[in-house]
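Protein chains in written order, with my numbering: chain A, 328 to 751; chain B, 619 to 772.
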Amino acid sequence: MFEPIILKNINVPDSFKIETYLNNGGYQAFKKALKLNTDTIIQMVKDSGLRGRGGAGFSTGLKWSFIPKDPTIPKYLCCNADEGEPGTYKDRAIIEKDPHQLIEGMAIACYAIGAANAYIYIRGEFALGADRLEDAIREAYSKGYLGKNILGSNFSLNIYVHRGAGAYICGEETALLESLEGRRALPRIKPPFPAQVGLFGKPTVINNVETLACVPHIINRGASWFASIGPAKSPGPKLFGVSGHVNKPGLYELPMGTPLREIIYTYAGGIKGDRRLKAVIPGGVSAPMLIEKDLDTPMDFDSLAAKGTMLGSGAVVVMDERTCIVKAALIIHEFFHHESCGKCTPCREGLDWIVKVMRRVEHGEGKEGDIDLLLKLCGDVFGRTFCPLGDGAVMALRGAINNFKEEFEYHVKNKRCMVNGAGR
Amino acid sequence: MLSEGAVKEINELTGKYANSRSVVMPALYVVQREYGYITEEGMREVANILGLRPIQVFEIATFYTMYNKKPVGKYHIQVCTNISCSLLGAEYIVDVLSKKLGIKVKETTPDKKFTLSAVECLGSCGTAPMMQINDNYYEDLTEEKIEEILKSFR
Ligand SMILES: Cc1cc2nc3c(=O)[nH]c(=O)nc-3n(C[C@H](O)[C@H](O)[C@H](O)COP(=O)(O)O)c2cc1C
Ligand code: SF4
Ligand code: FES
Chain A
328 MFEPIILKNI
338 NVPDSFKIET
348 YLNNGGYQAF
358 KKALKLNTDT
368 IIQMVKDSGL
378 RGRGGAGFST
388 GLKWSFIPKD
398 PTIPKYLCCN
408 ADEGEPGTYK
418 DRAIIEKDPH
428 QLIEGMAIAC
438 YAIGAANAYI
448 YIRGEFALGA
458 DRLEDAIREA
468 YSKGYLGKNI
478 LGSNFSLNIY
488 VHRGAGAYIC
498 GEETALLESL
508 EGRRALPRIK
518 PPFPAQVGLF
528 GKPTVINNVE
538 TLACVPHIIN
548 RGASWFASIG
558 PAKSPGPKLF
568 GVSGHVNKPG
578 LYELPMGTPL
588 REIIYTYAGG
598 IKGDRRLKAV
608 IPGGVSAPML
618 IEKDLDTPMD
628 FDSLAAKGTM
638 LGSGAVVVMD
648 ERTCIVKAAL
658 IIHEFFHHES
668 CGKCTPCREG
678 LDWIVKVMRR
688 VEHGEGKEGD
698 IDLLLKLCGD
708 VFGRTFCPLG
718 DGAVMALRGA
728 INNFKEEFEY
738 HVKNKRCMVN
748 GAGR
Chain B
619 MLSEGAVKEI
629 NELTGKYANS
639 RSVVMPALYV
649 VQREYGYITE
659 EGMREVANIL
669 GLRPIQVFEI
679 ATFYTMYNKK
689 PVGKYHIQVC
699 TNISCSLLGA
709 EYIVDVLSKK
719 LGIKVKETTP
729 DKKFTLSAVE
739 CLGSCGTAPM
749 MQINDNYYED
759 LTEEKIEEIL
769 KSFR
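In structure tokens, the structure reads:
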């Protein structure tokens, strides 16, 4: 059994209070970090092999190292707590149950990059999470872990909570910055990258909640300890949120690289009613679905990329044999269509055409050639969009069609589902 | 008009950010709390307080879905109908609510007590199917559970 690291305090009573956190060794890593050289910390995070848990898997230490060293330039850290990828509910658990772990990770990150101000961009629906964070920040100030001259050092830090208001695109890091600056969340062109021109035009690091929650453990237990967990190129503990047709849906913390089969059958208790697995989304709905023969794939960034899908947020959505894939694909596509920010034409118009064709296929009004038309439309969108949302949408749809073309064709030909339908 | 307390709250928010435009989002939450929804008057007041053009406030209110541009019921029921919830019967949950409340999705009961909405993933997929009523999450829903929850609001 893997000893939880990130979730170790999750079931402790009052886990969200600073006393509980301190009693379990909390803020020791921050104290230790304040005595280290900032370059040493960045090197440690690099050596740990930590890669961003928000989806892209970029080296966290490397990202921090891009921030200019000039102490006269203000810098920012933004914690991405927008968690909106369908199937994903890991960051919310950290925020609600162990907010100080996040705050400590942020404090260390800010110290390392020289930021005196940080924001947590939390999705608007997480009202309890926002309250927990506000309370935790207040506690941290009162114990001297935030504010001016922290613990007698010359490092000062303010952390603020900013609530989103319902828009998935705010999870994209440059859209998040636009939103924080009080504008519509339309992604920015890159370059310049946020490390040069970020929030309020200043150098900025954007990191996911789970990424930042790993940081105190790396400082406490060392880079080589972290790097020894899971595959060498994609190490560390990882939160897998399992949902759908399994006996024990829930959040499982396991070493990166745990095979998908083990997650579904050993941890999540297998498929409900001993039915057969039909398809599984390995990393939130942007990640193309896999099928039974792929179940031995190790769940890490590189192994999943080699399978043409991605680790994304680590959200595992399991669908049993009764699931209508056409309907599942439509639900996912409706989501992307709804959340397209409208800035670029291929995504705005392309997803709109796709959704129209998908709806008629699902509702038994499909025409001959519709499936090829869908694939053509996917090709018109892919690689032509301003941000990865559009690409994610068509990759998800292509994944469904490629694995289950017969089922899509059946819908068109017979005006109904090939399966009798799950969903109760 | 916004209350004195609300105006003060908005003014104080400016201390959090390097620019006053950033205050628009939190200020709109204040407006929503004060008026029950986002009114044109409220948006103009925010623009005034922050020294912005009204369009700079309107464009935010219309972009983000959590700002209600129309009044909603006292209890806003939002059912997640995204993938994980749908796999476990979200449609059925919507039907049950719809029948019990006598309204369709996007409608409000005549007594203005309940509004029913279908929404995207709320980040609670491991406890699907689920819904949010105002700020609170209700998870692992069944027909019996819904019955109980509604009873507690009647
Ligand atoms: C459409 C879209 C939505 C995203 N949503 C999120 C999100 O909800 N949370 C998150 O941390 N990253 C999200 N990302 C990834 C961020 O852009 C960014 O890569 C990440 O926050 C960086 O942090 P990390 O390096 O710690 O992973 C999203 C990206 C895209 C394109
Ligand atoms: S790809 Fe879609 S979400 Fe991204 S910028 Fe273009 S329209 Fe907006
Ligand atoms: S899919 Fe319903 S809460 Fe995520």
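All C-beta atoms in this analysis are idealised placements derived from N, C-alpha and C, irrespective of residue type, glycine included.
Straight through space, the alpha carbons of B/I721 and B/T632 are spaced by roughly 41 Å.
Pairing A/T650 with A/A606 gives a Cβ-Cβ distance under 9 Å. If you look at A/M646, you'll find it in the beta strand (DSSP E) that goes 642-647.
Scanning the stretch 646-683 of chain A for uninterrupted alpha helix (DSSP H) segments of 4 residues or longer gives 652-666, listed from N- to C-terminal end. In chain order, L622, D623 place their CB closer than 7 Å to the CB of A/R588, counting only its own chain and leaving out the 5 sequence neighbours on each side. Ranking A/F453, A/S561, A/I400 by CA distance to the CA of A/L526 puts A/I400 first. Annotation for B/I764: V714 place their beta carbon closer than 6 Å to its own, counting only its chain and skipping 5 residues before and after. With respect to A/L503, A/K670 sits apart: the two C-beta atoms are not nearer than 9 Å.
Scanning B/F676, B/H694, B/K687, B/M661 for the CA closest to the CA of B/K731 turns up B/H694. With a cutoff of 9 Å on beta-carbon distance, A/I332 and A/E537 are scored as not near each other. By the rule of a C-beta closer than 6 Å to any heavy atom of ligand 2, the residues picked out are A/I496, A/P514, A/S667, A/C668, A/G669, A/K670, A/C671, A/C674, A/R675, A/T712, A/F713, A/C714, A/L716, A/G717.
Taken through DSSP and simplified to helix, strand or coil, B/F732 comes out as strand. The stretch 657-671 of chain B makes no contact with the stretch 479-493 of chain A, as fewer than three CB pairs between them are under 8 Å. If you draw a 10 Å sphere on the C-beta of A/M626, you find 16 or more other C-beta atoms in it, and that means buried. Residue range 387-392 is occupied by the alpha helix (DSSP H) that includes A/G388. Look at B/I701: its beta carbon is less than 8 Å from one of the heavy atoms in ligand 3. Here DSSP, grouped into helix, strand and coil, assigns B/I656 to coil. A/F482 sits in coil when the DSSP states are folded into three classes, being neither helix nor strand.
Around the beta carbon of B/T760, fewer than 16 other beta carbons lie within 10 angstroms, which makes this residue exposed. Residue A/I422 holds the alpha-carbon nearest to the alpha-carbon of A/C406 among A/I369, A/M371, A/I422, A/Y594. Within the chosen limit of 8 Å, ligand 1 reaches the beta carbon of A/S640 through at least one heavy atom. Beyond the five residues adjoining it in sequence on each side, B/K692 comes within less than 7 Å, by CB distance, of K730, K731 in the same chain, given in chain order. Residues A708, A736 of the same chain have their beta carbon placed closer than 6 Å to that of B/T699, with the five preceding and five following residues left out of the count. By the CB criterion at 9 Å, B/T745 and A/P576 fall inside the cutoff. A/Y448 carries a strand assignment under DSSP once its states are collapsed to helix, strand and coil.
Secondary structure at A/G474: strand, using DSSP grouped into helix, strand and coil. Inter-segment contact for the stretch 355-368 of chain A and the stretch 434-454 of chain A is present: three or more beta-carbon pairs are separated by less than 8 Å.
Within the stretch 621-648 of chain A, contact with chain B at the beta-carbon level (separation under 9 Å) is assigned to A642, V644, V645, M646, D647.
The beta carbon of A/R510 sits closer than 9 Å to some beta carbon of chain B. Contact between the stretch 485-492 of chain A and the stretch 558-572 of chain A is absent, with fewer than three C-beta pairs closer than 8 Å. If you look at A/Q355, you'll find it in the alpha helix (DSSP H) that goes 355-361.
No heavy atom of ligand 1 is found nearer than 8 Å to the CB of A/G706. The way I'd put it, the stretch 656-663 of chain A does touch the stretch 673-683 of chain A; three or more beta-carbon pairs between them come closer than 8 Å. Short note on A/C744: C-beta not closer than 8 Å to any heavy atom of ligand 3. Chain-order list of chain B residues neighbouring A/S551: empty, with the shortest C-beta distance near 33 Å, by a criterion of under 9 Å. Residue state for B/F771 is assigned as helix, using DSSP reduced to three classes.
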